[in-house]
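Numbering (our numbering), first residue to last: 17 to 231.
Have a look at the structure below, then the notes.
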């Protein structure tokens, strides 16, 4: 009788162990199925996001698609300059121009005309090429001139006026050549032996010269 009870106990224990094992396996299978569904959902969302991103950055006729790298962080100055703003008040601008012109010994009317042509007197102006502020200083030029914030009106005008003074000195007071160099660069003026035959530069020089009153 004792042997019968021992066998019964052993078989019962084995049966319970098997039931427990089956139960655990059932739980694992259920969890795996749920994880597989979540994984599939995430993959679909990721694929959809990639497809959307590529579609917005790749031309319809392209045969090869790649996920674009994130755009580099833009400098704060460029970001603020991308927004439109009102022209600077005439009285305030005149004061800034007068101070910078007196410091560099150049005609304030010439500086004022350049500002009108360069930026329409908007201190936040940024060109497609990256020129900034009232006198449209390129970042490298602003650094060379010691301008820390090209979108600050006073710093920008002081830097632009300083550059104009250098160009007037270089070209012995020839306003047309100085303006041509300010717009297109001294190298182009030197190679051309005069105002470069660049439509934008020619228009820039002629427009300012036609309205500037020489003393």
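Positions of the beta carbon are idealized from the N, C-alpha and C atoms, including for glycine.
Owing to the predicted nature of the structure, the values given are computational and were not obtained by experimental measurement.
Residue i versus residue j: straight-line alpha-carbon distance, rounded
| i | j | result |
| --- | --- | --- |
| residue 181 | residue 101 | 28 Å |
| residue 114 | residue 124 | 6 Å |
| residue 127 | residue 175 | 11 Å |
| residue 104 | residue 170 | 11 Å |
| residue 150 | residue 141 | 7 Å |
| residue 145 | residue 155 | 10 Å |
| residue 222 | residue 164 | 31 Å |
| residue 188 | residue 167 | 30 Å |
| residue 173 | residue 116 | 7 Å |
| residue 213 | residue 206 | 12 Å |
| residue 192 | residue 132 | 17 Å |
| residue 220 | residue 159 | 24 Å |
| residue 230 | residue 186 | 19 Å |
| residue 143 | residue 157 | 14 Å |
| residue 148 | residue 226 | 25 Å |
| residue 190 | residue 119 | 20 Å |
| residue 208 | residue 228 | 24 Å |
Simplified DSSP state of residue i, which is helix, strand or coil
| i | result |
| --- | --- |
| residue 205 | helix |
| residue 180 | helix |
| residue 167 | coil |
| residue 153 | strand |
| residue 142 | strand |
| residue 112 | helix |
Nearest neighbour of residue i, chosen from the options [CA to CA]
| i | options | result |
| --- | --- | --- |
| residue 184 | 105, 152 and 121 | 121 |
| residue 224 | 118, 117, 129 and 119 | 129 |
| residue 199 | 189, 211 and 188 | 211 |
| residue 216 | 229, 206 and 195 | 195 |
| residue 162 | 147, 152 and 178 | 178 |
| residue 201 | 159, 119 and 153 | 153 |
| residue 218 | 228, 197 and 203 | 197 |
Stretch pair the segment 101-115 + the segment 129-141: three plus CB contacts closer than 8 Å: yes
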